[in-house]
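Engineer:
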Amino acid sequence: LYEGKELLPLFKKLYGPENIKVILMELSVKESIFRNSHRRICALMRHPILYNEETKNLKNCPLDGSKLIKRTLDKPEIIEKRFRVYQKKTLPLIDFFEKEGLKVKKVNGEQSVAKVFKDILEVLCPR
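Read in the working numbering, the sequence shown has 508 at position 67, and its numbers run on one by one without any break.
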């Protein structure tokens, strides 16, 4: 919250309030735990491999062939704790931004990656 309050006046001055976009990605703690605890990364380049029917049985990265591993932070109990910290320390920024007159666009984060991307793109570059 502190950083938001400190930086918002600068962003308004630099870019104009009409050019500031605030996106709230809504995702349940249950879905966050599922997605993050099933996520794997490649050992070599560390890029994420999302969990789905096509990737769930992969042992090696389809991009560089290195072994797929899980991050130590992607345990359900750690994910849940991080989610609670987000709710307590970051989520209050949404109310602050709204009080400052910024429009907050909500995106359903429980959709497919492609649909979330499309929705975010629509907020950033409306037709």
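Note that the Cβ used here is the ideal one computed from N, Cα and C, for glycine as well.
What you are looking at is a predicted structure, and each value in this text was computed from that prediction instead of being measured.
(1) How many angstroms separate the CA atom of E447 from the CA atom of K497?
(2) Report all residues from its chain with a CB closer than 8 Å to the CB of F538; omit the five preceding and five following residues, and keep chain order.
(3) Roughly how many angstroms separate the alpha carbons of K500 and I561, rounded to a whole number?
(4) Does the beta-carbon distance from L465 to I535 come in below 9 Å?
(5) Just how far apart, CA to CA, sit C566 and G550?
(6) For R480, which residues in the same chain have their Cβ closer than 7 Å to its Cβ, ignoring the five residues on either side in sequence?
(7) Just checking my contact of A484 with K508 at CB under 8 Å: how many whole Å lie between their CB atoms?
(8) What are the partner residues of R481, as DSSP defines its beta bridges?
Structural biologist: This is what the structure holds:
(1) Here residue 447 refers to the residue found at position 6 of the sequence shown. Here residue 497 refers to the residue found at position 56 of the sequence shown. Answer to the nearest angstrom: the Cα atoms are 43 Å apart.
(2) Counted from its first residue, the sequence shown places residue 538 at position 97. Hits under 8 Å: G445, L449, V463 and V545.
(3) Taking the sequence shown and counting its residues from 1, one reaches residue 500 at position 59. Taking the sequence shown and counting its residues from 1, one reaches residue 561 at position 120. Going by the C-alpha atoms only, they are around 31 Å apart.
(4) The residue labelled residue 465 in the question sits at position 24 within the sequence shown. The residue labelled residue 535 in the question sits at position 94 within the sequence shown. Yes, Cβ-Cβ distance for L465 and I535 is below 9 Å.
(5) Residue 566 sits at position 125 when you count from the first residue of the sequence shown. Residue 550 sits at position 109 when you count from the first residue of the sequence shown. Looking at the two C-alpha atoms, the distance is approximately 18 Å.
(6) Counting from 1 along the sequence shown, the entry for residue 480 is found at position 39. The residues are P489, L491, Y492 and D515.
(7) Translated into positions along the sequence shown, residue 484 becomes position 43. Translated into positions along the sequence shown, residue 508 becomes position 67. Going by Cβ atoms, the distance from A484 to K508 rounds to 5 Å, so yes, they are a contact pair.
(8) The residue you call residue 481 lines up with position 40 of the sequence shown. DSSP, once it has assigned bridges, lists I490 as partnering R481.
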